[in-house]
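Asks: First the structure, which I've put down as structure tokens, then a few questions once you've had a look.
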Amino acid sequence: MANTFLRKTSKSVGIAASDSTWWQVGANTAGADQTGGYKVGADTTTTVIGFSITNITSSSVDVDVAISNTMANVTYNVSLASSVPIPSGSVLVLVGGDQKLNMVENDLIKIKSSATNSLDVCMSVLEIT
1 MANTFLRKTS
11 KSVGIAASDS
21 TWWQVGANTA
31 GADQTGGYKV
41 GADTTTTVIG
51 FSITNITSSS
61 VDVDVAISNT
71 MANVTYNVSL
81 ASSVPIPSGS
91 VLVLVGGDQK
101 LNMVENDLIK
111 IKSSATNSLD
121 VCMSVLEIT
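So, in structure tokens, the structure goes:
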């Protein structure tokens, strides 16, 4: 079994609350044509060991985070954070310290914000293959 530490980031994440699209963590755009997004591969188990969301705006924003196995259908979303306010310049740490999150094949984490270009996201994972 091989262990690999990875870091996935997304810069300036933000979707209006009325928009049904999400950013996949690690992607550089939202919507259907995302590149760079992190999804657990075949015969792989992943443990998220750190997950931080930083508000880079001058106002408070609300954030939604979900784990799923698809970007296309919100029916499969399991909420990790729902409309959580993040004050200007603050960081929300969803996973870190003693808190870990296990993911299995095809799992991905997606995020959206109440304001455009409002969040920087950093996720650290340990992949076991």
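Numbered according to the numbering used here, the sequence shown spans residues 1 to 129. We put the CB at the ideal spot given by N, CA and C, even for glycine.
1. On the CB-based measure, 16 or more other CB atoms within 10 Å of its CB, does Asp-43 come out buried or exposed?
2. Is the beta carbon of Val-48 closer than 9 Å to that of Val-104?
3. When DSSP labels each residue in this structure, what does Thr-75 get in the three-state scheme?
4. State yes or no: is the C-beta of Val-40 within less than 9 Å of the C-beta of Ile-111?
5. Looking at the unbroken beta strand (DSSP E) that takes in Asn-28, where does it start and where does it end?
Replies: Let me spell this out:
1. So Asp-43 counts as exposed.
2. Not a contact, by the Cβ cut-off of 9 Å.
3. If DSSP states are grouped into helix, strand and coil, Thr-75 belongs with the helices.
4. Between Val-40 and Ile-111, the C-beta spacing is not below 9 Å.
5. Taken as a continuous stretch (DSSP letters only), Asn-28 belongs to no beta strand (DSSP E), as it is neither H nor E.
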